[in-house]
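Heads up: the sequence lines are chains A, B and C, in that order. For the record, in the first sequence the residue sitting at position 131 is 131 according to this note's numbering, with numbers rising by one throughout. For the record, in the second sequence the residue sitting at position 413 is 413 according to this note's numbering, with numbers rising by one throughout. For the record, in the third sequence the residue sitting at position 207 is 207 according to this note's numbering, with numbers rising by one throughout. A virtual CB, placed ideally from N, CA and C, is assigned to each residue, including glycine. Predicted, not measured: the structure shown is a model, and the values here were computed from it. The block underneath contains the structure these notes are about, expressed in structure tokens.
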Amino acid sequence: MGAQRVLAAEDVARALKRMAHEILERNKGADGLVLMGIRSRGVPLARRLAANLTAIEGVEVPAGSLDVTLYRDDYDRTGPRPLGQTEFPSDIAGKVVVLVDDVLYTGRTIRAAMDAVMDYGRPTAIQLAVLVDRGHRELPIRADYVGKNLPTSPVQDVRVSLVETDGADEVTVVDREEVAAR
Amino acid sequence: MSDRSTITFTGARVVDPASGRDEIADVIVSGDRIAAVGNGSDGLRVDASGLVLAPGFVDLHVHLREPGREDAETVATGTAAAAAGGFTAVCPMANTDPVTDHAGIVEQVLRLARDSGYADVYPVGAVTRGLRGEELAEMGAMAAHGVRCFSDDGLPVRSARVMRRALTYARTWDAIIANHAEEPDLTEGAQMNEGELSAVLGLAGWPREAEEVMVARDLILAHGLGARLHVPHVSTAGTVALIRQAKARGTRVTAEAAPHHFTLTDDLVRGYDPVFKVNPPLRTKADVEAVRAGLADGTIDAIATDHAPHPPEQKEQEWAYAPPGMLGLETALALTLTELVGTEEGQGTLTMSRAVAALSTKPARSRGIAGHGGPIVPGAPANLVLFDPAQRWTIDAARTRSRSRNTPYAGMVVRGKVVHTLLRGRFTCHDGQVAGGRPGDGRARR
Amino acid sequence: MMRHLLSMDDLGPEEITEVLDTAAGFAGVALRPIKKVPTLRGRTVCNLFYEDSTRTRISFEIAEKRLSADVINFSAKGSSVSKGESLKDTALTLQAMGVDAIVIRHWAAGAPEQLTRWVDAKVLNAGDGAHQHPTQALLDLYTIRARLGRLEGLRAAVVGDVVHSRVARSVVRGLVTTGAEVTVVGPPTLVPERAEHWGASVSHDLDDLLPKIDVLYLLRVQSERMHRQFFPSPREYARLWGVDRDRLARLPEGAIVLHPGPMNRGVEITADVADAPSAVITEQVRNGIAVRMSCLYLLLGGEARPADDAGRAESGGREVPAGGRPRR
């Protein structure tokens with residue numbers, strides 16, 4: 001079928017645990033952190049990361065959701081899309097905002113997310129946590145925390161499923177031609 | 001072609017309601033007269049097989065705009081459009097600028113027509129000075145130039161007293177008063193037919209009663225005086241019914257309807273294209289059916305175009321600003337044939353003969369216009385039209401002989417095309433083309 | 001969303017829902033420190049107002065600026081129009097200048113539709129004569145939905161000078177399309193029987209209707225209608241169809257009162273009704289901005305999308321197959 005599973009449920013869980021530790025190490029604790037999940041799947045990931053941080057440090061870490069539809073740079077080509085929820089769980093001035101997304105690819109979504117965050121307030125820093133980094137950046141953007149580095153080709157598709165949105169946790173890579181043939 | 005030439009139109013279907021003729025025949029035209037109708041030929045032979053040969057059409061209601069609105073039309077361009085449409089005589093209305101309310105303008109219009117030579121004109125004089133509806137215009141002075149019909153068309157004669165006076169005074173010459181039937185108090189700000197669509201489009205409505213109330217008034221006044229009334233541009237079923245009753249009672253009334261009122265309905269106003277704005281407005285299907293029935297049973301005597309040219313910049317404005325009016329001379333025949341005359345025997349609202357009568361014979365008769373409308377008999381002036389009843393063509397707003405372009409039928413495919421129009425034996429339209437006229441060929445109509 | 005927004009007659013229930021849902025997404029922008037999103041950056045919108053209307057124009061201008069569009073204001077007074085320039089020539093000038101959208105308010109019904117024949121820009125009708133005022137109706141529907149949680153099955157009464165009102169035509173149509181039961185109310189001179197063609201019932205008895213409705217929509221009654229004999233006096237109008245505290249009390253619990261403004265206090269509505277908790281007039285105004293942002297966003301949304309909208313490439317226009325997701 002041309003679909004290959006690269007992360008099973010346990011792999012996802014371990015990656016998120018490790019990433020939580022890395023966040024705490026880099027930021028010397030959980031103080032002043034705000035996690036912002038991007039679009040659909042970034043949101044449950046942000047909540048899980050926040051839960052992991054709380055489990056380790058014992059402090060509440062706020063997690064919110066960010067819809068970047070209005071900041072996209074491809075409005076001309078795609079036309080109007082439905083708007084999603086944006087919720088900042090707290091004020092972000094002086095905080096470290098950690099953007100959370102499932103797949104990092106061209107980097108354009110992250111650029112839009114940073115603009116959205118800046119329009120909301122002035123954080124001390126913005127960091128980026130992604131479950132999968134599949135390469136092929138078109139902008140100078142890099143992730144601070146990566147679940148798995150996954151070299152792919154442009155004719156491949158990376159599919160992330162999560163329990164909260166799709167019923168199960170896994171990451172698969174699908175070859176485009178196979179899909180088209182279906 | 002010189003005046004002395006002789007032409008024979010061979011094998012035409014001669015439709016001449018005035019003589020009751022509808023048969024294939026050869027018609028010989030010699031000089032400015034008809035020489036013979038029957039079998040045989042002389043002079044230049046023109047093959048007219050497949051064509052209908054009829055008396056040239058007579059339009060009781062046109063607006064030639066000159067003097068005053070030469071940007072829209074002139075007597076020359078308007079009569080050229082008439083020739084293209086198969087008309088040999090037209091009656092221009094008096095709402096010129098200055099108004100045709102005295103003999104001087106009548107003379108001017110007659111001269112302009114004579115000089116361009118495309119068609120004979122029988123100007124309609126105003127009923128009241130300046131069309132103001134207050135003081136009678138000098139009907140006598142205009143009558144001396146042959147005017148036998150008076151109308152303030154464009155505007156109604158609002159006052160019952162003035163209308164009654166006008167009908168009475170006109171009896172001196174047994175002249176006709178043609179009142180534009182519109183009760184102005186009911187049509188203030190009106191933009192389109194009042195009905196379901198006007199409620200949706202937010203355009204103020206022009207109720208049927210506004211026309212019928214005035215037609216009723218005029219019929220009663222005319223009847224009481226034994227005076228002659230003509231009802232222009234009949235647009236509603238109620239008006240048709242009123243005229244039918246009045247004729248049955250012996251009222252001396254004639255009536256006309258325009259092709260747009262037996263063809264188009266008010267749903268064309270959706271889209272707000274002012275080319276569909278006209279007064280009286282386009283109505284509903286039921287009204288269109290009633291107008292057709294009126295033509296079929298003779299309640300409506302004539303088809304008259306109410307040819308109302310307006311330059312493009314006027315018709316390309318906001319609907320509320322645009323003046324009402326549609327072209328009609330060049331498309332009247334085609335619409336009559338396409339909409340009213342069936343292709344098969346027994347089909348359609350009118351027979352070919354009745355259609356010709358509505359376009360030619362009856363208008364000429366009702367207005368006392370001699371020399372037009374037939375009969376096509378030896379010695380009669382050769383005012384003729386030859387048309388191909390089967391030829392299909394597409395109406396093109398860019399190719400009008402009129403100076404203006406405001407035809408509501410642009411893009412419509414219709415049946416029936418004028419091939420030749422002859423005014424006193426001379427081709428004003430030849431093979432579908434109107435050439436420049438020759439000065440001095442037309443005659444002053446007295 | 002269609003190419004232009006000219007009339008509520010052109011919108012089906014799904015399209016209305018799309019506008020309202022999108023507006024909900026924009027409502028949050030007004031609450032941020034930076035009340036701006038870059039979505040329409042680089043687009044030029046012209047507010048072409050042939051009729052004075054400060055409130056509507058400002059509402060549109062704020063919406064346009066919050067979307068980062070460049071805004072041009074063209075009012076008929078003191079412009080080339082007052083020197084006799086025709087609508088067509090003004091349109092061709094704007095076309096030559098390359099504006100992306102024109103928001104037009106005009107005293108002549110049909111002018112926005114005529115405008116679409118002369119320009120490539122998207123046209124948004126901000127009120128044309130007595131014909132339509134779609135964004136007003138949309139913000140009213142948004143307000144009703146926000147307060148009552150739904151639109152379908154609501155019972156609404158639209159009261160006042162219905163025959164001359166573009167707001168009435170748009171609001172009635174919008175309510176009918178979204179499944180509400182609508183009655184138009186007023187004297188027969190202002191509420192003719194043919195209003196049934198809009199899909200509403202006609203009534204001349206307001207008191208009888210009040211206990212049975214969820215939404216009471218009051219239209220402005222102009223005194224000039226009195227001078228044209230549509231009703232004998234403001235006093236008589238107020239007595240029979242004006243809403244005061246007593247009439248307000250006859251409404252069922254939870255019913256709301258709307259008015260498009262500006263109000264004729266003392267004629268169709270009294271001061272204490274205008275200020276009552278069930279009157280949502282200021283919410284209407286506030287919602288107007290989000291709704292207009294939504295309309296502009298949906299109207300200026302690039303080229304027509306193909307039927308499959310599962311996701312599009314973020315860069316280079318590379319295609320994503322059915323079921324694929326946009327790449328990051």
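Assumed close pair residue i, residue j - CB separation to whole angstroms, cut-off 8 Å
| i | j | result |
| --- | --- | --- |
| A377(B) | W393(B) | Going by the sequence as given, residue 377(B) is Val instead of Ala. Contact flag wrong, Cβ pair sits at about 32 Å. |
| L359(B) | F9(B) | Not confirmed; about 19 Å, so no contact. |
| V173(A) | V12(A) | At roughly 15 Å, the Cβ-Cβ gap does not stay under 8 Å, so V173(A) and V12(A) are not in contact. |
| G38(B) | D26(B) | 7 Å |
| V447(B) | F262(B) | In the structure displayed, chain B extends from 1 to 446; residue 447(B) sits before or after that span and is not available. |
C-alpha gap between residue i and residue j, whole angstroms
| i | j | result |
| --- | --- | --- |
| L219(C) | P311(B) | 40 Å |
| G86(B) | V15(B) | 14 Å |
| L6(C) | Q114(C) | 11 Å |
| V240(B) | G224(B) | 20 Å |
| R399(B) | M142(B) | 36 Å |
| A83(B) | P112(C) | 39 Å |
| G11(B) | T351(B) | 20 Å |
| G149(C) | E253(C) | 15 Å |
| G195(B) | G205(B) | 7 Å |
| P306(C) | I16(C) | Confidence in P306(C) is poor, its pLDDT being 33 and thus under 50, which makes the residue's placement unreliable; the coordinate value appears in the next sentence. Each residue's Cα considered, the two are about 20 Å apart. |
| V81(C) | Y50(C) | 9 Å |
| A143(A) | E64(C) | 35 Å |
| T299(B) | H233(B) | 13 Å |
| K362(B) | V275(B) | 29 Å |
| L327(B) | N406(B) | 6 Å |
| A113(B) | E73(B) | 13 Å |
| G440(B) | A35(B) | For G440(B), the predicted model reports a pLDDT of 36, less than 50, meaning its position is unreliable; a value from the coordinates is still stated below. G440(B) and A35(B): Cα-Cα distance of roughly 23 Å. |
| F387(B) | L268(B) | 30 Å |
| A274(C) | V257(C) | 8 Å |
| L333(B) | I369(B) | 20 Å |
| L251(C) | V267(C) | 19 Å |
| E303(C) | R134(A) | Note that E303(C) scores 42 on pLDDT, short of 50, meaning its location in the model is unreliable and no value can be drawn from it. |
Candidates the options, of which the one nearest residue i by Cα
| i | options | result |
| --- | --- | --- |
| I58(C) | G42(C), M293(C), L300(C), R150(C) | M293(C) |
| L215(B) | M163(B), D101(B), A258(B), D306(B) | Before going further, note that residue 215(B) is Val rather than Leu in the sequence given. Considering only alpha carbons, the answer is M163(B). |
| P280(B) | R132(B), D431(B), A190(B), L136(B) | A190(B) |
| K17(A) | H136(A), D115(A), R48(A), G2(A) | R48(A) |
| S203(C) | A157(C), D214(C), T178(C) | A157(C) |
| R26(A) | V96(A), P154(A), P44(A) | V96(A) |
| P324(B) | L340(B), A334(B), D306(B) | D306(B) |
| L35(A) | F88(A), T69(A), G84(A), D102(A) | F88(A) |
| I72(C) | V99(C), T56(C), Q95(C), R66(C) | V99(C) |
| Q136(C) | L299(C), Y297(C), A290(C), G301(C) | A290(C) |
| D102(A) | G32(A), V43(A), A55(A) | V43(A) |
| L240(C) | P38(C), L299(C), G153(C), P188(C) | P188(C) |
| M97(C) | C46(C), G127(C), Q132(C), N125(C) | C46(C) |
| S49(B) | A103(B), G31(B), V90(B), E23(B) | E23(B) |
| L300(C) | D120(C), G186(C), V184(C), A279(C) | D120(C) |
| R403(B) | A80(B), P67(B), S19(B), S5(B) | A80(B) |
| L139(A) | V130(A), R108(A), S161(A) | R108(A) |
Proximal chain C residues relative to residue i, where beta-carbon distance stays under 9 Å
| i | result |
| --- | --- |
| L70(A) | G25, F26, V29, V37, P38, T39, L67, Y297 |
| E289(B) | Result: empty, since nearest Cβ-Cβ is about 21 Å, beyond 9 Å. |
| A320(B) | W107, A108, A109, G110, A111, G129 |
Neighbour list for residue i in chain F, Cβ cutoff strictly below 8 Å
| i | result |
| --- | --- |
| G202(B) | The question asks about chain F, but that chain is absent: this structure's protein chains are A, B and C. |
Contacts that residue i makes with chain B (C-beta to C-beta distance below 9 Å)
| i | result |
| --- | --- |
| A195(C) | A199 |
| K88(C) | E313, E316, Q317 |
| Q95(C) | Simply none; closest approach about 15 Å. |
Beta-carbon neighbours of residue i, restricted to chain B and to distances below 7 Å
| i | result |
| --- | --- |
| Q136(C) | Ordered by position in chain B, no residue passes the 7 Å Cβ test against Q136(C), which lies about 14 Å from the chain. |
Interface partners of residue i on chain C, CB under 8 Å
| i | result |
| --- | --- |
| L83(A) | D21, T22, A24, G25, F26 |
| Y120(A) | R32, P33, I34 |
| D115(A) | P38 |
Contact the region 89–106 of chain A vs the region 114–131 of chain A: 3+ CB pairs below 8 Å:
Contact annotation: the region 89–106 of chain A touches the region 114–131 of chain A, with at least three C-beta pairs closer than 8 Å.
Evaluate contact between the region 277–296 of chain B and the region 86–104 of chain C, counting only Cβ atoms and requiring at least three cross-stretch pairs below 8 Å.
No, they do not touch.
Are there three or more Cβ pairs, one per stretch, closer than 8 Å when the region 158–167 of chain A is compared with the region 339–347 of chain B?
Two segments are said to touch when three or more pairs of C-beta atoms, one from each, lie closer than 8 Å; by this definition the region 158–167 of chain A does not touch the region 339–347 of chain B.
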